[in-house]
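Heads up: the sequence shown is residues 150 to 426, going by this note's numbering.
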Amino acid sequence: MLSQEQILQVNPNLASSITYASSRQSFYTVLFLVDRGLKEDAFKAYAYFRWLDDQLDKESLKKSERMAIVKRENALIDQCYGVEGSAPPHNLCEEEYLLVDLLRGDQRKADGLRLYIRNLMAVMVFDAERRGEVISQQQLINYEKWLATAVTEALHFYIGHNGSSPQDETRYLAATGAHITHMLRDTHEDIAAGYYNIPKEALEKYCIDPQDINSDGYRQYVKSRVNLAREYFAIGRHYLSKVQNLRCRLAGYSYIACFAPILNTIERDGWLLRPSY
150 MLSQEQILQV NPNLASSITY ASSRQSFYTV LFLVDRGLKE DAFKAYAYFR
200 WLDDQLDKES LKKSERMAIV KRENALIDQC YGVEGSAPPH NLCEEEYLLV
250 DLLRGDQRKA DGLRLYIRNL MAVMVFDAER RGEVISQQQL INYEKWLATA
300 VTEALHFYIG HNGSSPQDET RYLAATGAHI THMLRDTHED IAAGYYNIPK
350 EALEKYCIDP QDINSDGYRQ YVKSRVNLAR EYFAIGRHYL SKVQNLRCRL
400 AGYSYIACFA PILNTIERDG WLLRPSY
């Protein structure tokens, strides 16, 4: 395990700089809404996975190389959590130091942080595997569940972590709606990179290929996804109204507000997806 001296060699502004460059909304959410004493850790948690996602998205990587990366990062996580038999990778980079520092500071071994780390890593592994391949409906459901669990548990861990929140089937629906919208928004970019966000069952139903974005069948699929995301957002808003902490509610409402207008634009365009929004 790294010594504290090794960790302190990392640029203290690295995590916040990565966050700011990647997402202004995430940066200001951490800056103004995250609990006092947890802001630095929240920046580290976001920045590490932002860096990892960028590594896996490199066009030059073969599948075997992507899988080697996620295997290395999973080994690092296991080592940080003290999993028996795990061996730490060598020659860590600065971004990996962020993860080590984050998890060694988690003295409580908090469930919320662990759920964030493990579920978002599951997302990374799946993305590394699925590039260039068509996925199934069940794989898409699992993908959405991992992402929504990670986002929601991070929200509650870092903002109002001592406050109460409903533990029911509606807990993850706002984040699921956001993920659906995110995949629709990035469809053109994702296809160019080899990621297909439409399952094989839908392709078979509408008799289309995953690249047929402008076809009537793809538009019907998009319409169904927009309606589902809107339904999830409505349920998610009701869920957030029952969250005790005001800052947590504000962060959740802001998260929904960031994505909901995209759904309106898609509908106005007749369910045709734009290259960018």
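Built from N, CA and C at the ideal position, the CB exists for glycine as well.
Report, in whole angstroms, the separation of the C-beta atoms of residue i and residue j, which I expect to be a contact under 8 Å.
i, j, result
"F176", "T168", "5 Å"
"L201", "R215", "Their Cβ separation, rounded to whole angstroms, is 11 Å, which puts L201 and R215 out of contact at 8 Å."
"Q393", "G309", "7 Å"
"L251", "A170", "With a Cβ gap of about 19 Å, L251 and A170 do not count as contacting."
"G281", "G343", "4 Å"
"A224", "L269", "The Cβ separation is near 16 Å, so there is no contact."
"A196", "A164", "4 Å"
Taking all protein chains shown into account, decide if residue i is buried (16 or more other Cβ within 10 angstroms of its Cβ) or exposed.
i, result
"E380", "exposed"
"K391", "exposed"
"E293", "buried"
"K354", "exposed"
"M150", "Reliability fails at M150, whose pLDDT of 47 lies under 50, so the model's placement of it is uncertain and the value that follows must be treated cautiously. Exposed."
"E154", "Any reading at E154 must be qualified, since the residue scores a pLDDT of 48, below 50, and its modelled position is unreliable; the value itself is stated next. Under this definition E154 is an exposed residue."
"S403", "exposed"
"T178", "buried"
"A259", "exposed"
"S209", "exposed"
"G186", "exposed"
"R374", "buried"
"C229", "buried"
Give me the Cα-Cα distance between residue i and residue j, rounded to the nearest whole angstrom.
i, j, result
"R423", "I411", "10 Å"
"K212", "E278", "7 Å"
"R396", "L389", "11 Å"
"L289", "L421", "21 Å"
"I284", "R267", "21 Å"
"V232", "K220", "14 Å"
"L248", "D190", "9 Å"
"A271", "E222", "11 Å"
"S314", "H328", "21 Å"
"I357", "H337", "16 Å"
"G261", "I340", "33 Å"
"K372", "L264", "32 Å"
"R199", "A351", "30 Å"
"E243", "S166", "13 Å"
Taking 8 Å as the threshold, find out whether the segment 333-348 comes into contact with the segment 301-317 through three or more Cβ pairs.
No, they do not touch.
Tell me, please, whether the segment 318-330 touches the segment 382-391 by the rule of three or more beta-carbon pairs shorter than 8 Å.
Under the Cβ criterion (8 Å, minimum of three pairs), the segment 318-330 counts as touching the segment 382-391.
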